[in-house]
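Q: Got a structure for you, written out below as structure tokens; questions coming shortly.
There are 2 protein chains.
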Amino acid sequence: MRSYLDCIPCFVRQALEAARLVACDEKTSEKVVRRVLALAAEMDLNQSPPVMGGKIHRVIRQVTGKDDPYKKIKQKFNALALRMYPEMKGLVAGSPKPLETAVRLAIAGNIIDFGVSSSLKTAEVEQTIEDSLKTDFDMSEFEEFSAAVKKARKILYLCDNAGEIVFDRLLIEQLPYEKITCVVKGSPVINDATMEDAVITGLTEVVKVIENGSDDPGTVLKACSEDFRRRFDRADLVIAKGQGNYETLSDADKNIFFILKAKCPVIARHLGCQVGTMILSKSRAFKKAVG
Amino acid sequence: MRSYLDCIPCFVRQALEAARLVACDEKTSEKVVRRVLALAAEMDLNQSPPVMGGKIHRVIRQVTGKDDPYKKIKQKFNALALRMYPEMKGLVAGSPKPLETAVRLAIAGNIIDFGVSSSLKTAEVEQTIEDSLKTDFDMSEFEEFSAAVKKARKILYLCDNAGEIVFDRLLIEQLPYEKITCVVKGSPVINDATMEDAVITGLTEVVKVIENGSDDPGTVLKACSEDFRRRFDRADLVIAKGQGNYETLSDADKNIFFILKAKCPVIARHLGCQVGTMILSKSRAFKKAVG
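Below, the structure written as structure tokens:
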């Protein structure tokens, strides 16, 4: 999807929030904000929001001199999710519909997104999990998702954030994981999961994990490595987690299932839903899985 | 007061909201937003927020080609306030503390501010009036205000917005209005009151009204006419209404009473209060009224 005018004030607000989260002083934050304003004044609205997100966070890393400013936040939420993992694993195991429960929990995990808000409390994650288990949501494509996963030979699972990947692990454990390759970012951007997070959370013990070669907070194909693009082309099913992957791949000519929580009004409008809605939805270009 | 980093995302959001309210199409709004981003990237944070506000709305008028884009909104709220006037006048007349009631209503009228939000409903104005009559607020400087008004020889009453000036009229009618000169903007900016509004609402029949020669949404002294500045210097008391006048005059070396509703978090922090608080407060430089 393209960027909308409504994204622009939000980019500026996010840049300020992120700069303050990372920088030690207002002068540094001011430098970040001024550079982001200048970038936004010239931005190409035909590009998806994560392209601008990538630029903003490159500015933040350059101006603050911190390569991985969200490292502590990622560690915190990896640890939190790992503490929750045994109980969630039990919920899935004890569920009459384990795959559905795992999908619900994977969507709940998408709340751990510092691209949308720079303040997230443990209690909010716990509340989101609780809500995700009982909230009604559009499950009309669930059977198709389940069938597509069974029929596919090569599945790419595009991860989103640190911490959240523990919730993805729960879902992946309910899927034929021998066919799945998980994808993390090539280098740090916001709290997006990198290989370090995949190792720490044990994801690499369950499934093959690769890097996409990019530091955009989504999957901007032309910014990814050639190796990743080849794998993307060859996969017959892509599971794309989170807003950034939806924003960057909603128009891709590919069999994709998007799994996310719609957390911003622009994405909610694009999806035709309310903010906060749980989403399991196939791409427009999705072709019926071949038998 | 200076501008803060927090003002910047808000400027961009306000520019987009205002552009959409005024412009017919997204292309025009995009042009406005891009120009405002470029201005914000270079802005001097030592200037008060209304200096940037003035620039934003000059851009909007230039890009849209509309000299007075808020004209209809001003007419609507003038008419609404005039319809409410007889009842409010009755409330003041029937009050055991008519001056206090008039101050409360004048503060309530400050809700009619399209610089803060571009959506304001009639019901919200009515609710604000109702609340203003019963809400506790810091009246510790009320007696001093009352005394200052009595002792002053020349009072300037700096008006804020169209519609709101009907509420100001209620207050002015409780004051020694022969000593008061009301001030409106020199030309249109947002929904700030101009001479046209002062005439339509009958303010000119009650009190002398002059223009300040400026199109900033506040009182940026160096942008005002020489005539206004001379009157400002000569006045021994200034009553400054609304956020824009607070932002531009909070540091002025002058006997000023600010009357407003703190509607934005930056101003609330500057005043040391919560958002939504009713304010009757003298300037830091205020010198005890001479007997």
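Protein chains in written order, with our numbering: chain A, 1 to 291; chain B, 292 to 582.
Just so you know, even glycine gets a beta-carbon here, dropped at the ideal spot from N, CA and C.
For clarity, every value in this text was computed on a predicted model and none was experimentally measured.
Note down the Cα distance separating ILE364 (chain B) from ASN482 (chain B), rounded to an integer number of angstroms.
A: For the purposes of this step, residue 364 (chain B) is identified with residue 73 of the second sequence, where counting begins at 1. For the purposes of this step, residue 482 (chain B) is identified with residue 191 of the second sequence, where counting begins at 1. Distance between the alpha carbons of ILE364 (chain B) and ASN482 (chain B): 7 Å.
Q: Step through the CB atoms of chain A and report whether any lies within less than 7 Å of the CB of ILE299 (chain B).
A: Numbered from its first residue, the second sequence carries residue 299 (chain B) at position 8. Yes, ILE299 (chain B) counts as interfacial toward chain A.
Q: Output needed for THR568 (chain B): all residues of its chain with C-beta closer than 6 Å, excluding positions within five of it in sequence on either side, in chain order.
A: For the purposes of this step, residue 568 (chain B) is taken as residue 277 along the second sequence, with counting starting at 1. The residues are ALA553.
Q: Does the structure place the stretch 128-135 of chain A close enough to the stretch 27-37 of chain A that three or more beta carbon pairs sit under 8 Å?
A: These segments do not touch.
Q: I need the straight-line Cα distance from LYS442 (chain B) to PHE548 (chain B), nearest angstrom please.
A: Along the second sequence, one-based indexing puts residue 442 (chain B) at 151. Along the second sequence, one-based indexing puts residue 548 (chain B) at 257. C-alpha separation (whole angstroms): 14 Å.
Q: Kindly indicate the opening and closing residues of the beta strand (DSSP E) around CYS473 (chain B).
A: The sequence position of residue 473 (chain B) within the second sequence is 182, counting from 1. First-last of the beta strand (DSSP E) with CYS473 (chain B): 471-475.
Q: Can you find at least 3 beta carbon pairs, one from the stretch 463-474 of chain B and one from the stretch 340-353 of chain B, that sit closer than 8 Å?
A: Contact between the stretch 463-474 of chain B and the stretch 340-353 of chain B is absent, because fewer than three Cβ pairs lie under 8 Å.
Q: Looking at the C-beta of ALA41 (chain A), does it have a partner C-beta in chain B at a distance below 7 Å?
A: As a position in the first sequence, residue 41 (chain A) is number 41, starting the count at 1. For ALA41 (chain A), the answer is yes, since a Cβ of chain B falls inside 7 Å of its Cβ.
Q: Taking C-beta to C-beta, are ALA285 (chain A) and VAL275 (chain A) nearer than 7 Å?
A: Position 285 of the first sequence, counting from 1, holds the residue named residue 285 (chain A). Position 275 of the first sequence, counting from 1, holds the residue named residue 275 (chain A). Contact: no.
Q: Measuring straight from C-alpha to C-alpha, what distance separates VAL327 (chain B) and ALA453 (chain B)?
A: Along the second sequence, one-based indexing puts residue 327 (chain B) at 36. Along the second sequence, one-based indexing puts residue 453 (chain B) at 162. Between VAL327 (chain B) and ALA453 (chain B), the C-alpha separation is close to 25 Å.
Q: Is the Cβ of LEU5 (chain A) closer than 7 Å to any Cβ of chain B?
A: Taking the first sequence and counting its residues from 1, the one referred to as residue 5 (chain A) is at position 5. LEU5 (chain A) counts as touching chain B.
Q: Just the Cα atoms here: how many angstroms apart are ASP195 (chain A) and GLY272 (chain A)?
A: Along the first sequence, read from residue 1 onward, the residue named residue 195 (chain A) stands at position 195. Along the first sequence, read from residue 1 onward, the residue named residue 272 (chain A) stands at position 272. The sequence as given places Met at residue 195 (chain A); Asp does not occur at that position. Distance between the alpha carbons of MET195 (chain A) and GLY272 (chain A) is about 34 Å.
Q: Decide if the stretch 180-188 of chain A is in contact with the stretch 203-212 of chain A; the criterion is three or more beta carbon pairs, one per stretch, under 8 Å apart.
A: Segments in contact, yes.
Q: Should GLU321 (chain B) be flagged as near chain A, meaning a C-beta pair shorter than 7 Å?
A: Here the question's residue 321 (chain B) lines up with position 30 in the second sequence. At least one chain A Cβ lies under 7 Å of GLU321 (chain B).
Q: Would you verify that the beta carbon of ARG2 (chain A) is, or is not, closer than 7 Å to some beta carbon of chain B?
A: Counted from its first residue, the first sequence places residue 2 (chain A) at position 2. Not closer than 7 Å to any Cβ of chain B, the Cβ of ARG2 (chain A) fails to qualify, so no.
Q: Within the stretch 198-275 of chain A, note down every full alpha helix (DSSP H) run reaching 4 residues or more, in order along the chain.
A: Taking only runs of at least 4 residues, the alpha helix (DSSP H) segments lying wholly in the stretch 198-275 of chain A are 203-206, 226-234, 242-249, 265-271.
Q: According to DSSP, simplified to helix, strand and coil, what is LEU5 (chain A)?
A: For the purposes of this step, residue 5 (chain A) is taken as the residue at position 5 of the first sequence. LEU5 (chain A): coil per DSSP, three-state reduction.
Q: Specify the secondary structure class of LEU133 (chain A) as computed by DSSP and reduced to three states.
A: Looking up residue 133 (chain A) in the first sequence gives position 133. Note: LEU133 (chain A) maps to helix in three-state DSSP.
Q: Going by C-alpha distance, which of A:ALA106, A:ALA198, A:CYS10, A:ALA40 is nearest SER118 (chain A)?
A: Taking the first residue of the first sequence as 1, we reach residue 118 (chain A) at position 118. The candidate whose alpha carbon is nearest that of SER118 (chain A) is A:CYS10.
Q: To the nearest angstrom, how far is it from the Cα of GLN353 (chain B) to the Cα of ALA314 (chain B)?
A: Taking the second sequence and counting its residues from 1, one reaches residue 353 (chain B) at position 62. Taking the second sequence and counting its residues from 1, one reaches residue 314 (chain B) at position 23. Their Cα atoms are separated by approximately 11 Å.
Q: Taking its Cβ as the centre, do 16 or more other Cβ atoms sit within 10 Å of LYS545 (chain B), making it buried, or is it exposed?
A: Residue numbering aside, residue 545 (chain B) sits at position 254 when the second sequence is read from its first letter. Buried.
Q: Should the stretch 430-448 of chain B be regarded as contacting the stretch 356-363 of chain B, the criterion being three or more beta carbon pairs within less than 8 Å?
A: The stretch 430-448 of chain B vs the stretch 356-363 of chain B: no contact.
Q: Between the C-alpha atoms of LEU105 (chain A) and ALA81 (chain A), what's the straight-line distance to the nearest angstrom?
A: Against the first sequence, residue 105 (chain A) aligns to sequence position 105. Against the first sequence, residue 81 (chain A) aligns to sequence position 81. Distance between the alpha carbons of LEU105 (chain A) and ALA81 (chain A) is about 11 Å.
Q: Does any residue of chain B bring its CB to less than 7 Å from the CB of ARG13 (chain A)?
A: For the purposes of this step, residue 13 (chain A) is taken as residue 13 along the first sequence, with counting starting at 1. By this cut-off, ARG13 (chain A) is an interface position.
Q: At what residues does the alpha helix (DSSP H) containing LYS442 (chain B) begin and finish?
A: Walking along the second sequence from the start, residue 442 (chain B) turns up at place 151. Counting along the chain, the alpha helix (DSSP H) containing LYS442 (chain B) begins and ends at 433-442.
Q: Over the uninterrupted beta strand (DSSP E) stretch that includes TYR448 (chain B), give me the two end residues.
A: Working through the second sequence from its first residue, we reach residue 448 (chain B) at position 157. It spans 446-449 - the beta strand (DSSP E) in which TYR448 (chain B) sits, taken as one unbroken run.
Q: Quick check: is the beta carbon of ALA108 (chain A) nearer than 7 Å to any beta carbon in chain B?
A: Taking the first sequence and counting its residues from 1, the one referred to as residue 108 (chain A) is at position 108. So no, ALA108 (chain A) is outside the interface.
Q: Whose C-beta lies closer than 8 Å to the C-beta of GLY582 (chain B) among residues of the same chain, with five residues either side of it excluded?
A: Sequence index remark: in the second sequence, residue 582 (chain B) carries index 291 (1-based). A caution first: GLY582 (chain B) carries a pLDDT of 45, below 50, which makes its placement in the model too unreliable to give a value.
Q: Mapping DSSP to helix, strand and coil, what is MET334 (chain B)?
A: As a first step, residue 334 (chain B) must be located in the second sequence, where it is residue number 43. Three-state DSSP puts MET334 (chain B) in coil, outside helix and strand.
Q: Could you list which residues in chain A have their beta carbon closer than 9 Å to that of VAL324 (chain B), in chain order?
A: As a working note, residue 324 (chain B) is residue 33 in the second sequence. Residues of chain A passing the Cβ test: LEU5, ILE8, PRO9, ALA40, ALA41.
Q: Which residues in chain A sit within 7 Å of GLU317 (chain B), going by Cβ to Cβ distance?
A: Start at 1 with the first residue of the second sequence, and residue 317 (chain B) comes out as number 26. Result: LEU5.
Q: If you check the beta carbons only, do LEU158 (chain A) and ASN245 (chain A) fall under 7 Å apart?
A: As a first step, residue 158 (chain A) is located in the first sequence; it is residue number 158 there, counting from the start. As a first step, residue 245 (chain A) is located in the first sequence; it is residue number 245 there, counting from the start. Cβ atoms of LEU158 (chain A) and ASN245 (chain A): closer than 7 Å.
Q: Give me the DSSP bridge partner(s) of THR413 (chain B).
A: Sequence index remark: in the second sequence, residue 413 (chain B) carries index 122 (1-based). Note: THR413 (chain B) sits in no beta bridge, so no partner.
Q: Can you pull the DSSP bridge partners for VAL485 (chain B)?
A: Working through the second sequence from its first residue, we reach residue 485 (chain B) at position 194. For the record, residue 485 (chain B) in the displayed sequence is Thr; it is not Val. Partner(s): B:LYS476.
Q: Quick one: what's got a C-beta closer than 8 Å to GLN47 (chain A)'s C-beta in the same chain, skipping five residues either side?
A: Residue numbering aside, residue 47 (chain A) sits at position 47 when the first sequence is read from its first letter. Hits under 8 Å: ARG2, SER3.
Q: Per DSSP, SER572 (chain B) is paired with what?
A: Residue 572 (chain B) sits at position 281 when you count from the first residue of the second sequence. SER572 (chain B) is bridged to B:PHE549.
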